[in-house]
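These protein sequences, in sequence, are chains A and B. The numbers in the first sequence follow our numbering, run straight up by one, and end at 299. The numbers in the second sequence follow our numbering, run straight up by one, and end at 443. The beta-carbon is built from N, C-alpha and C at its ideal position, and this holds for glycine as well. First up is the structure itself, then whatever we jot down about it.
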Amino acid sequence: MSFVEFVEGPLFILASAIFVLGALWRVIGIIRIGRKKDISPPKGSAVMGFVVGNLRHFFPRGIFARRTALHIIAGYGFHLALLVLVLFAAPHIAFIQDRLINVNLPEMPRWGFIVAAEIAFAGLIMLWVRRISDPVMRLISDWDDHIGTWLTFLVMLSGCFALQESQSFLRGLHMLLVDVWLIYFPFSRLMHAFTFFLSRGNTGATYGRKGMNL
Amino acid sequence: MSANSDIAVAKFLEHTDAEAASFFEACVHCGECAEACQFYLSTGDPKYTPTYKLRPMERAYKRDKAPFSSLKKMLGLAPSPVTEEELREWEPLVYDSCNMCARCTLVCPMGIDIAGTIRKMREGYAAAGIVPEGLQRAAEFVKKTSSPMGITIKALTAQIKHQEEATGIKIEVDKQGADYMAIFSSMEIMGYPEVLGAYAKLFKKAGLTWTISSVAYEATNTGVQIGSGPLAKEIVTRVVDAAEALEVKHVISPECGHAYGAIRWAGPNMMGRQFKFEVVHIIELLDQLRREGRIPAGGKDTRRMTLHDPCQIIRRGGLLKEPRRLLDESCSDFVEMKGAGITNYCCGGGGGVSANPRAEELKTAAFSRKVEQLNGVKDLEAVVVPCGNCRAVFEDGLDAYDMDLEVIGLSELVAETLDESPEKQG
Chain A
86 MSFVEFVEGP LFILASAIFV LGALWRVIGI IRIGRKKDIS PPKGSAVMGF
136 VVGNLRHFFP RGIFARRTAL HIIAGYGFHL ALLVLVLFAA PHIAFIQDRL
186 INVNLPEMPR WGFIVAAEIA FAGLIMLWVR RISDPVMRLI SDWDDHIGTW
236 LTFLVMLSGC FALQESQSFL RGLHMLLVDV WLIYFPFSRL MHAFTFFLSR
286 GNTGATYGRK GMNL
Chain B
18 MSANSDIAVA KFLEHTDAEA ASFFEACVHC GECAEACQFY LSTGDPKYTP
68 TYKLRPMERA YKRDKAPFSS LKKMLGLAPS PVTEEELREW EPLVYDSCNM
118 CARCTLVCPM GIDIAGTIRK MREGYAAAGI VPEGLQRAAE FVKKTSSPMG
168 ITIKALTAQI KHQEEATGIK IEVDKQGADY MAIFSSMEIM GYPEVLGAYA
218 KLFKKAGLTW TISSVAYEAT NTGVQIGSGP LAKEIVTRVV DAAEALEVKH
268 VISPECGHAY GAIRWAGPNM MGRQFKFEVV HIIELLDQLR REGRIPAGGK
318 DTRRMTLHDP CQIIRRGGLL KEPRRLLDES CSDFVEMKGA GITNYCCGGG
368 GGVSANPRAE ELKTAAFSRK VEQLNGVKDL EAVVVPCGNC RAVFEDGLDA
418 YDMDLEVIGL SELVAETLDE SPEKQG
């Protein structure tokens, strides 16, 4: 079994299993802690609040926009561009169809890949530079923040190296880093990709029940 | 580890429910919350970043309760135990520099309720006895007299008598079967007793019966501020027992921020049952009476006025439109401050900060944000502040910043501009 076959085969299956089971374990673990039933007479709907809370926090409030503009632009730029790259880059579509599920995803042109990759890199680098330079960010950041950022950066960088598919080692290196990223994910702050809906939803439900203004 | 840290950590873990856990799990350390916090903005000190204030509780959760905590402990990857030294280091962050105003929740991309989690965190601090002296003293006053300022029924009776003389209206005490029972904050009773006269005038006009209990007149819940569940429950129980003994239909929560949340939302949960009466905020009630035409507006106050939005009434209380409707009908030149409404700045004294003399300097620094908002309104003559505590903070703050501005309560303004012409006979 070659290196590429190993990282795309057994290691990828193991990493994916750890990713799925670990993420599920963590989300279910949080929910299972439970919370006391609120018996105060409600003024509004907690369920609606959960939904509204989740949607409302996608949109930054104007009054804070100026002070937080860099973070918003870099954050949205990075996340959206990464999502586009993962779902619509030609090698990813081929991999998804071959290994995961036979879906017809529109293939992004090469220039689209370049633009999305540049946005994703620029966003991630801006976020990291802010993390190491801003006094607030330096105080609150820990090793998990840096590992998550660097791991994601290396996955993206190795993906660009592998784009030409000129060397199978480069493809293997990219897949190895993807596997490491998948294994690291459920134990790290990268889990915010799944826990955000619980956090926003819980606050939204509390606010909604009280008829509070989100 | 020490006995105190053990007690605090046990309480942290007890109060880390699925909601708090989801907050700790979702925070990506983006630092946005700092940009919403008046303490960070007015000092520029990163330690006032809201999410940083939660660090000891988050550490306790991640070490002992979070999914995978056992595995991480086994591998030596879990956070180290929370020490008493660390708890003491964080105490000023938890009590002096958080108004529990929840402005940070608005900017947080994860929607984390840091204010609510600070409230839970204070349970650990209170249980371990690591609390500011000023709040501890207020708690002791409450145990002795029911009031954090030590106000006795004798003092209240004197204030009631003055207001009866001023308005010519009898204020009933311990009236069985009244529609409403009013409770007040200590600050209102001693600092702004005119509010008693305003209630008398407004409720007489509305034709509703109301009373004040001689055993449960205090609305301030020091237990909520300090973070002591047992004390908070004791204070709520006193009001509930008195209201149910008098068989009133409603209890009126006063122009006081946290008192409303304490009795309206936390109260039934603390007592483990719903009340036999309804809790209504005075602003809600006045707005309802106005809409029903029972307290019609008369001549408007012509001064240029703005409205301060107390965090616990507006942002966390949901009463956004009601005070504005009342003001529009009571004032001919009402102007909003920039950032008014749910994104408004706290006065800097909420969450027990004003009862904590150690935090005085920080509170005054935080008020600079409010000064900036007020200065943004040209030719401003008065500010309506519908919270007794905020009102006292405003008076101190305006004095500290050499500003000449009248500070008035909403109930008093509505009473002063009431149409007092006799009812038309049909």
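task = Report the residue from B:Lys355, B:Gly365 and B:Arg320 whose alpha carbon sits nearest the alpha carbon of Ser349 (chain B).
result = B:Arg320
inquiry  = For the segment 107-125 of chain B, list every residue whose C-beta sits within 8 angstroms of some C-beta in chain A, in sequence order.
reply    = Thr122, Leu123, Val124 and Cys125
request  = Pick out whichever of B:Leu427, B:Glu102, B:Gly246 and B:Asp304 has its Cα sitting closest to the Cα of Gly408 (chain B).
outcome  = In the sequence as presented, Gly is not what sits at residue 408 (chain B); that position holds Arg. Ranking B:Leu427, B:Glu102, B:Gly246 and B:Asp304 by Cα distance to Arg408 (chain B) puts B:Leu427 first.
ask   = Cβ of Leu430 (chain B) within 9 angstroms of Cβ of Lys218 (chain B)?
value = no
inquiry  = Can you check which of these residues, A:Ala131, A:Ile118 and A:Ser87, is closest to Arg285 (chain A) by C-alpha distance?
reply    = A:Ala131
Supposed contact pair Glu103 (chain B) and Pro63 (chain B) - C-beta distance, whole angstroms, cut 8 angstroms = In fact, because the Cβ distance is near 17 angstroms, the residues do not count as touching under 8 angstroms.
query = Which residue from B:Ser202, B:Met354 and B:Asp130 puts its Cα closest to that of Asp456 (chain B)?
reply = A query on residue 456 (chain B) cannot be resolved here, the shown segment of chain B reaching from 18 to 443 and no further.
ask   = Do Arg111 (chain A) and Pro126 (chain B) come within 9 angstroms of each other at the CB atom, strictly closer than that value?
value = no
request  = Measuring only between beta-carbons, confirm whether Glu412 (chain B) sits less than 9 angstroms from chain A.
outcome  = no
inquiry  = Taking the beta carbon of Ile26 (chain A) as the centre, do at least 16 other beta carbons fall within 10 Å, making it buried, or is it exposed?
reply    = Lying outside 86 to 299, the shown extent of chain A, residue 26 (chain A) is not represented and no answer is given.
inquiry  = Spatial neighbours of Phe104 (chain A) within its chain, please: C-beta separation below 8 angstroms, excluding the five flanking residues on both sides.
reply    = Leu267, Ile268, Phe270 and Pro271
Interface positions of the segment 117-140 of chain A facing chain B (Cβ-Cβ less than 9 angstroms), listed along the chain = Arg117, Ile118, Gly119, Arg120, Lys121, Lys122, Asp123, Ile124, Ser125, Pro126, Lys128, Gly129, Gly138 and Asn139
Same chain, Cβ closer than 7 angstroms to Leu379 (chain B), neighbours up to 5 away in sequence not counted = Phe56, Asp113 and Ser114
query = Within 9 angstroms (strictly less), CB to CB, does Asn287 (chain A) reach chain E?
reply = Annotation note: the requested chain E is absent from the structure, which comprises protein chains A and B.
CA-to-CA distance, Pro210 (chain B) to Gly194 (chain B), given in whole angstroms = 25 angstroms
request  = Would you grab the beta carbon distance between Ala174 (chain A) and Phe198 (chain A) for me? Rounded to a whole angstrom, and I think it's under 8 angstroms.
outcome  = 5 angstroms
inquiry  = The beta strand (DSSP E) that contains Tyr197 (chain B), what's its start and end?
reply    = Tyr197 to Ala199
key: Selection of the segment 93-112 of chain A by Cβ proximity to chain B, strictly under 9 angstroms   = Gly107, Trp110, Arg111 and Val112
query = Would you say Val256 (chain B) reaches chain A, if we count a Cβ-Cβ gap shorter than 9 angstroms as a contact?
reply = no
request  = Quick one: give me the first and last residue of the alpha helix (DSSP H) that Asp304 (chain B) is part of.
outcome  = Ile299 to Arg308
key: Contact set between the segment 301-327 of chain B and chain A, restricted to residues whose Cβ is under 9 angstroms from the partner   = none
query = Since Asp130 (chain B) meets chain A, which of its residues come closer than 9 angstroms, beta carbon to beta carbon?
reply = Ser284, Asn287, Thr288, Thr291 and Tyr292
task = Using beta-carbon positions only, say whether Asp318 (chain B) and Glu433 (chain B) come within less than 9 angstroms of one another.
result = yes
ask   = Which two residues bound the contiguous alpha helix (DSSP H) that contains Phe238 (chain A)?
value = Trp228 to Ala247
message = Within a Cβ cutoff of 6 angstroms, which residues of the same chain sit near Phe163 (chain A), ignoring the five residues on either side of it in sequence?
response = Ala205, Gly208 and Leu209
Supposed close pair Val453 (chain B), Ile243 (chain B) - CB separation, criterion 8 angstroms = Given that chain B is displayed from residue 18 to residue 443, the structure contains no residue 453 (chain B) and the question cannot be resolved.
task = Mind listing the chain A neighbours of Pro285 (chain B)? Cutoff is C-beta to C-beta under 9 angstroms, in chain order.
result = Asp123, Ile124, Ser125 and Pro126
query = Going along the segment 224-241 of chain A in order, which residues come within less than 8 angstroms of chain B, judged by CB to CB distance?
reply = Leu224, Ile225, Ser226, Asp227 and Asp230
task = Return the chain-ordered ranges of every alpha helix (DSSP H) run that is complete within the segment 227-269 of chain B and spans a minimum of 4 residues.
result = 239-243 and 246-263
request  = Look at the alpha carbon of Ile225 (chain A) and the alpha carbon of Asp345 (chain B), and state the distance between them as a whole number of angstroms.
outcome  = 44 angstroms
task = Taking 9 angstroms as the cut-off, decide whether the C-beta atoms of Asp196 (chain B) and Ile229 (chain B) are in contact.
result = no
Segments assigned beta strand (DSSP E), at least 3 residues, entirely inside the segment 164-226 of chain B = 197-199
request  = Compute the Euclidean distance between the alpha carbons of Glu101 (chain B) and Leu94 (chain B), then round it to the nearest angstrom.
outcome  = 21 angstroms
ask   = Buried or exposed: where does His267 (chain B) fall if 16 or more other Cβ atoms within 10 Å of its Cβ makes it buried?
value = buried
ask   = Who does Glu423 (chain B) pair with in a DSSP beta bridge?
value = B:Ala399
query = In angstroms, rounded to a whole number, what distance separates the CA positions of Leu236 (chain A) and Asp227 (chain A)?
reply = 15 angstroms
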